[in-house]
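Number of protein chains: 2
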Amino acid sequence: MKKLTRAELKNELQNAGIRLSVQRLAIYEFVRMSKAHPTAEVVYEALREELGSLSLTTVYNTLKLYTDAGLILTLNIDDGFLHYDGDTSLHAHFRCSSCGAIHDLAVKSDYSNWFEGSDGFAITEAQLYLKGLCPKCKSCKN
Amino acid sequence: MKKLTRAELKNELQNAGIRLSVQRLAIYEFVRMSKAHPTAEVVYEALREELGSLSLTTVYNTLKLYTDAGLILTLNIDDGFLHYDGDTSLHAHFRCSSCGAIHDLAVKSDYSNWFEGSDGFAITEAQLYLKGLCPKCKSCKN
DNA sequence: TTTATTTTTGTAATCGTTTCATTTTTATTT
DNA sequence: AAATAAAAATGAAACGATTACAAAAATAAA
Numbered sequence: 132m133k134k135l136t137r138a139e140l141k142n143e144l145q146n147a148g149i150r151l152s153v154q155r156l157a158i159y160e161f162v163r164m165s166k167a168h169p170t171a172e173v174v175y176e177a178l179r180e181e182l183g184s185l186s187l188t189t190v191y192n193t194l195k196l197y198t199d200a201g202l203i204l205t206l207n208i209d210d211g212f213l214h215y216d217g218d219t220s221l222h223a224h225f226r227c228s229s230c231g232a233i234h235d236l237a238v239k240s241d242y243s244n245w246f247e248g249s250d251g252f253a254i255t256e257a258q259l260y261l262k263g264l265c266p267k268c269k270s271c272k273n
Numbered sequence: 132m133k134k135l136t137r138a139e140l141k142n143e144l145q146n147a148g149i150r151l152s153v154q155r156l157a158i159y160e161f162v163r164m165s166k167a168h169p170t171a172e173v174v175y176e177a178l179r180e181e182l183g184s185l186s187l188t189t190v191y192n193t194l195k196l197y198t199d200a201g202l203i204l205t206l207n208i209d210d211g212f213l214h215y216d217g218d219t220s221l222h223a224h225f226r227c228s229s230c231g232a233i234h235d236l237a238v239k240s241d242y243s244n245w246f247e248g249s250d251g252f253a254i255t256e257a258q259l260y261l262k263g264l265c266p267k268c269k270s271c272k273n
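So the sequences go chain by chain: A and B.
Position one of the first sequence corresponds to residue 132 (my numbering), numbered consecutively onward.
Position one of the second sequence corresponds to residue 132 (my numbering), numbered consecutively onward.
As structure tokens, then:
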């Protein structure tokens, strides 16, 4: 994924019909650039210093706004937190049952032909959520 | 899926090292036989009359017990509720964005070869969660 | 039956997320 | 630049699905 400039991120928001603010641009940049699938709390802690003032409510509201606009994904991982993903392209999420890290896995082909009896269904979004041990935890006990 | 007798369900619990009770057997039978991916609340409402007395806490505790034992699956669907699935074999869950119903979809082959760069990962469980419109909602506006 | 252990129960607590009214910022118009 | 109207940010309070807890009831063994 190429690195986007702040001007390009600004354009993405405006093309989606979203009004700008200092908070919105910072939150969008953080989530779009992160590969760690952060929670709202993580976004909040990462930006509160940089922004001087920031409310957790703003983070939640903004992340929901972006999700509804299709700019990011909200992931329902089973650790009790909502996670946010700035990469909306088709990919799987692997959560290590040992360290809890969430890794991306690339999928090999279009998911529409992975299933039987899905003829009448119109699939618009897929969350492929795998569990197990990541390479690091598989090799050692940490 | 063949219909299981109550004696067979009893055996499944005992083989998993789980002690029996009236509530446990009823909850297990309901979730194992249901294809509707019920929430804890649904299980509770369905069984409270039949059992005379039943606590929602018992339902939650028991469903967690079965999940930890690998007898059922806990699904993290994004409607704010945990859903439970008595079918632990590999299959995808399709949630209709119109009516909210959760349908099962059969998958065509083992999921381990659907992904690239997953060589070092030990995949033990997969939740394939798809969204879109089910055939009923696709054809009409309900 | 007696006993020890486990399970059920109902209430209270938890905590991630949302609601709400107010203040502040934004973008447009004078 | 200043004034204005609309939208966004804020933080306290509410929400609600799930969990923790201690007491009561049921289970299984002797």
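C-beta: ideal position from N, C-alpha, C; glycine also.
*asked:* Run through chain A and tell me which residues come within less than 9 Å of Phe246/B, C-beta to C-beta.
replied: His222, Ala223, Phe225, Leu236, Ala237, Val238, Lys239, Leu259, Leu261
Check: When the distance is taken between beta carbons, is Ala232/A closer than 8 Å to Cys265/A?
Finding: A contact, by the Cβ cut-off of 8 Å.
Q) Per DSSP, what kind of secondary structure is Leu221/B in: helix, strand or coil? A) coil
**Message:** Can you tell me whether Arg155/B is helix, strand or coil according to DSSP?
**Reply:** helix
Item to check | Extent of the continuous alpha helix (DSSP H) run through Leu178/B | outcome: 171-182
Counting only Cβ pairs nearer than 8 Å, list the residues of chain A close to Thr205/B.
Asp209
ask   = What are the residues that DSSP puts in a beta bridge with Val148/A?
value = Contrary to the premise, residue 148/A reads as Gly rather than Val in this sequence. Gly148/A is not bridged to any residue.
- Contact check, Leu206/A vs His222/A under 8 Å by CB: the rounded distance? The beta-carbon separation of Leu206/A and His222/A, rounded to 11 Å, does not stay under the 8 Å limit for a contact.
| message | Between Thr255/A and chain B, is the shortest Cβ-Cβ distance under 8 Å, so that the two count as touching? | response | It does: the Cβ of Thr255/A has a partner Cβ on chain B nearer than 8 Å.
| query | Which residue or residues does DSSP assign as beta-bridge partners of Ala257/A? | reply | Leu261/B
Practice problem: Check the Cβ-Cβ distances between Pro266/B and every residue of chain A, and say whether any is below 8 Å. | Solution: For Pro266/B, the answer is yes, since a Cβ of chain A falls inside 8 Å of its Cβ.
- Task: Check the C-beta distance from Leu194/A over to Ile203/A and give it rounded, since I have them as a contact under 8 Å.
- Result: Here Leu194/A really is in contact with Ile203/A; their C-beta atoms are around 7 Å apart, less than 8 Å.
| Which residues DSSP lists as bridging Ala237/A, in chain order | When beta bridges are read from the DSSP output, Ala237/A appears opposite His222/A, Glu247/B.
Please classify Leu261/B as buried or exposed, where buried requires at least 16 neighbouring CB atoms within 10 angstroms. buried
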